[in-house]
Each structure stands twice: as C-alpha cells, then as structure tokens.
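I have placed the structure first, in the form of structure tokens, so that the comments after it can refer back to it.
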C-alpha cells in the first residue's frame, strides 16, 4: 500500500510520517525516545512510504548509511527539520546546513526544513531581535536558499513556537525580506494565533513543504502567554489527532490541492513520553487516525 495517492485529474498527494509523532525529538530531556526500528517498522505497517529524518542520532549519521537504513524499511527520505542559529553575525549557519544537505542528497530527499533557533535548548524562551539581528537572519535565509538550490534541494523556513520566526508578523517579515521558501506547519502557526490557510493562500508560490498538525488552541494560548511551558503543554496533549483540534485541516488541503501544490504533506502529532515507553499499542494508533483523516480529506477534493 502506498501513500502517494492520485485522484483523477489532480496532482498526487504525497503523505509522509515524522518521528516526532512517536515522541522522538531534538530537545534534551524530552522523554523516552523510541528506537528507530520500532518507529520505522510501524510507519511501514501503516503503508507510509516516506519519512522525515528526525533528530540527530535517530538515524545513522553517515549519509550513505542513513539512506541504506531507510531503504531497509521501504521508506523514502523526505528531508527534515533543522534548527539553526540564523541571527548571530558571528555564526555561520552553513556549518550546520551543508552536512544536512549531504544527507538529503545521499538519500534522495529534497527539503531542508529550517527553524530559526534561539540558540537555547527547548522552546520556552524567545528573545526579541534588534534590527541588525533581523537583517542577519534574513540574509542568512537567502544564502541558505540559494546554496540549497545550487545543490539541488529546497530550503524552507518553518514558523515554530519558541523560535525567532513564530507568528504571523514574523512570517510576514520573512516573506517580505527574503526569498526563502515556506514550510507551513498548520499547528504551530495556529498555536501562535495565525491563520495557516490565509497565509498559504496569500503566498502559494512560496509554500514548498507542509506539516499537517492539529492543536488545542486554548492550551497553545497558555504557552504563548508564558503561563505554561511548551514541553509541559505537549506532555498534556496540546497537539491533537488531525481533525480533533482547532485547525481546519480540510481547508488547508483543499486550498493547496486546488492550486496545484505537489509537495509533501507530513503527518505530525508531537507527543512526549515522560515516564518511559508507552503502554499498549502506543502512538501508532493516533498516526493511523491522522492518516485516515488525510485520505478522507483527499477524497473530498477529488
């Protein structure tokens, strides 16, 4: 079974998994980290044909070994999430970006999903940038976008809670001040109070990658206000099964499909296992529900 679906007369909808839906995360102390064998085996059992890389250490570091490892589970690499410091004039982000592109090229992946890291662990503190820092961030985004294109892959900035590009204003500043592509994460944008569908429709030519994520908006508002730590909100279930939260995922799929988007849709429901391995079937049940929801939404756009 493949999750590259082709309704008649429309561009194929390509669906990928993400290790974060199994609780595998780059944040130190996040919780129990499921082994790659279990995660990839369960992706394969769902019929998913592709995945993002996940954090450093989840897959083999060597690009060729990474590619071979994924092939062993019948999975195509999509690319992945790369938090990188972009605002510091003393830091060259290419040191982080080039090895990631090497891994993409070795495994047939095509997308570098950038997050504008604060340089701190986690997603709870977000400093305010001065004009020089913003100028540096925007210039680095263009450098990375151009360099990635020269090597045959696409770079896209991912607005993300607790990073320096988080909300609608930050996203617009990036769109106005650079030419980098955009990764729409429906959950993170909605959590920051933005309308992901409106941003998408206004910037269709910039959207290069999509993370489908649903969120409890009230829980997210407490994170944005500083009342609740991001990790605590995740552990308490802030991110929801697709279709069960406050994001209009169907409207997002319809908007992109009707305008010919042919990139990946990555299923994401960030979870955390604070007290060891989950009991019972674990997160694969929720991923299956998310996949079924997207397939149903696809049928509605056919």
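Residue numbers (my numbering): 3 to 304.
C-beta atoms are modelled at their ideal positions from N, C-alpha and C, and glycine is treated no differently.
Check	Outcome
So, for residue 213: in the same chain, excluding its five sequence neighbours on each side, which residues have a beta-carbon less than 6 angstroms away from its beta-carbon?	187, 268, 270
Residue range of the alpha helix (DSSP H) that residue 149 falls in?	133 to 152
Shortest alpha-carbon distance to residue 260 belongs to which of 297, 283, 278, 203?	203
In angstroms with no decimal places, state the Cα-to-Cα distance between residue 10 and residue 293.	For residue 10, the pLDDT reaches just 43, beneath the cut-off of 50, and the residue's location in the model is therefore unreliable, leaving the point undetermined.
I'd like to check one pair, residue 241 with residue 80: are the Cβ atoms closer than 8 angstroms?	no
May I ask you to report which of helix, strand or coil DSSP gives residue 19?	strand
Kindly indicate which residue of 129, 197, 146, 72 has the alpha-carbon position closest to the one of residue 97.	146
Identify whether residue 298 lies in helix, strand or coil by the three-state DSSP scheme.	helix
Alpha helix (DSSP H) containing residue 118: first to last residue?	Segment 113 to 119 is the beta strand (DSSP E) holding residue 118; no alpha helix (DSSP H) there.
In chain order, what residues of the same chain lie with their CB nearer than 7 angstroms to the CB of residue 246, ignoring the 5 residues before and after it?	216
Under 8 angstroms between the Cβ atoms of residue 36 and residue 29?	no
When you compare each of 210, 66, 276, 154 to residue 264 by their alpha carbons, which one comes out closest?	210
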